[in-house]
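Asks: Let me begin by handing over the structure; questions about it come next.
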Amino acid sequence: MDQLVRAITAGGMVKAVAVSTRELTERARNIHKTLPVGTAALGRTLAAASMMGNALKAPDASLTLQIKGGGPLGTILAVSDAAGDVRGYVQNPHIDLPLREDGKLDVGAAVGCDGTLTVIKDLRMKEPYVGSVGLLGGEIAEDLAAYFVESEQIPTACALGVLVDRDQSVKAAGGYLIQLLPGAGEDVISKVEGGVLAAGAVTGLLDRGLSPAELLRTVLSDFEVEILETCPITYRCYCSRDRVERALISMGVAELEDMMAQQGGCELGCQFCDETYRFSAQELRELLDSMKNG
Numbered sequence: 019m020d021q022l023v024r025a026i027t028a029g030g031m032v033k034a035v036a037v038s039t040r041e042l043t044e045r046a047r048n049i050h051k052t053l054p055v056g057t058a059a060l061g062r063t064l065a066a067a068s069m070m071g072n073a074l075k076a077p078d079a080s081l082t083l084q085i086k087g088g089g090p091l092g093t094i095l096a097v098s099d100a101a102g103d104v105r106g107y108v109q110n111p112h113i114d115l116p117l118r119e120d121g122k123l124d125v126g127a128a129v130g131c132d133g134t135l136t137v138i139k140d141l142r143m144k145e146p147y148v149g150s151v152g153l154l155g156g157e158i159a160e161d162l163a164a165y166f167v168e169s170e171q172i173p174t175a176c177a178l179g180v181l182v183d184r185d186q187s188v189k190a191a192g193g194y195l196i197q198l199l200p201g202a203g204e205d206v207i208s209k210v211e212g213g214v215l216a217a218g219a220v221t222g223l224l225d226r227g228l229s230p231a232e233l234l235r236t237v238l239s240d241f242e243v244e245i246l247e248t249c250p251i252t253y254r255c256y257c258s259r260d261r262v263e264r265a266l267i268s269m270g271v272a273e274l275e276d277m278m279a280q281q282g283g284c285e286l287g288c289q290f291c292d293e294t295y296r297f298s299a300q301e302l303r304e305l306l307d308s309m310k311n312g
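Written as structure tokens, this is what we have:
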């Protein structure tokens, strides 16, 4: 089961969160039929969104992470609720690129670095918070660390990884965010940097089967780590026939009448999951009548 773990170090100078996301990344792969480089990019984005969304306090809040790097994958989007459950998509899931010289998937080239990473926090207030930074390299983790420093002034270490097996299924996925709290001194910074360096690539840790809690204890080996929260996370879409109906209504009478004239009924697929909603000509007619009479 995929899991999110939130922790703090003794003394309270460092807060951290880690996730294991193999199952939800595999679910996303099956829905969107992504090839390996798309699986890796979307999986990293889903893991990041889950960790960030879970940090929101309002129970009905949501966080959207959007990456537009100008690369062949196009837009990558992930949405998390306040529990850390996520959904997402990649615009061009069937992109395939040669491996890098070191044999790893070339996520940076697939995402591109000529664009932006945007975070939208909808806290159910009048206006959502929107923060955006230019991409550094398109590998996503370093871009996210830059976002936290530039937009939220929080020094952050971020690692995200997806291991794709020979059959293109997801072997392991997850990551961590480690953030310094106000007042953290140079000794704390050095310990965090040393721990991240010593732990090595997060894909190696994930491949060893480390749980999120073990991941944090490995990276923060110089600290006493207190686990604050452990919760399951999943790939969850909130689409429903009612929501699709409301979307049709929002198109307006003229556009719905045009749709009926052109197509009769309509078929709408959710961009986040594999659900398809079909409306017959009669159902559209009843919807139009209710709009006109409402």
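To get this note's numbering, take the position in the sequence shown, counting from 1, and add 18.
Even glycine gets a Cβ: it sits at the ideal position worked out from N, Cα and C.
What residue from 46, 29 and 306 has the CA that sits closest to residue 254's CA?
Replies: 46
Asks: Do the CB positions of residue 360 and residue 56 come within less than 7 Å of each other?
Replies: Any property of residue 360 remains undetermined from this structure, which presents the chain solely from 19 to 312.
Asks: DSSP beta-bridge partners for residue 177?
Replies: 194
Asks: Thinking C-beta only, is residue 179 closer than 7 Å to residue 236?
Replies: Residue 179 is positioned such that its CB atom lies no closer than 7 Å to that of residue 236.
Asks: Ignoring anything shorter than 3 residues or poking outside the stretch 39-114, list the beta strand (DSSP E) runs there in chain order.
Replies: 80-86, 94-99 and 104-108
Asks: Note down, one range per segment and in chain order, each alpha helix (DSSP H) of at least 4 residues found wholly within the stretch 175-254.
Replies: 204-217, 220-225 and 230-237
Asks: How about the stretch 30-47 and the stretch 187-200: do they share at least three Cβ pairs that are nearer than 8 Å?
Replies: yes
Asks: If I'm right that residue 241 touches residue 209 with Cβ under 8 Å, what's the distance once you round it to whole angstroms?
Replies: 7 Å
Asks: What does a CB cutoff of less than 6 Å around residue 24 pick up in its chain, not counting 5 residues either side in sequence?
Replies: 35, 246 and 247
Asks: Starting from residue 266, trace the alpha helix (DSSP H) in both directions and tell me its first and last residue.
Replies: 259-268
Asks: Would you kindly report the start and end of the unbroken beta strand (DSSP E) that includes residue 293?
Replies: For residue 293, there is no enclosing beta strand (DSSP E), since its DSSP letter is neither H nor E.
Asks: Please determine, among 184, 105 and 53, the residue with the shortest C-alpha to C-alpha distance to residue 90.
Replies: 53
Asks: Rounded to a whole number of angstroms, what is the C-alpha to C-alpha distance between residue 292 and residue 82?
Replies: 20 Å
Asks: Give me, in chain order, the residues of the same chain whose beta-carbon lies closer than 7 Å to that of residue 284; leave out the 5 immediate sequence neighbours on both sides.
Replies: 277, 297 and 302
Asks: Under 8 Å by Cβ, that's how I've got residue 134 and residue 86 pegged, so tell me the actual separation to the nearest angstrom.
Replies: 6 Å
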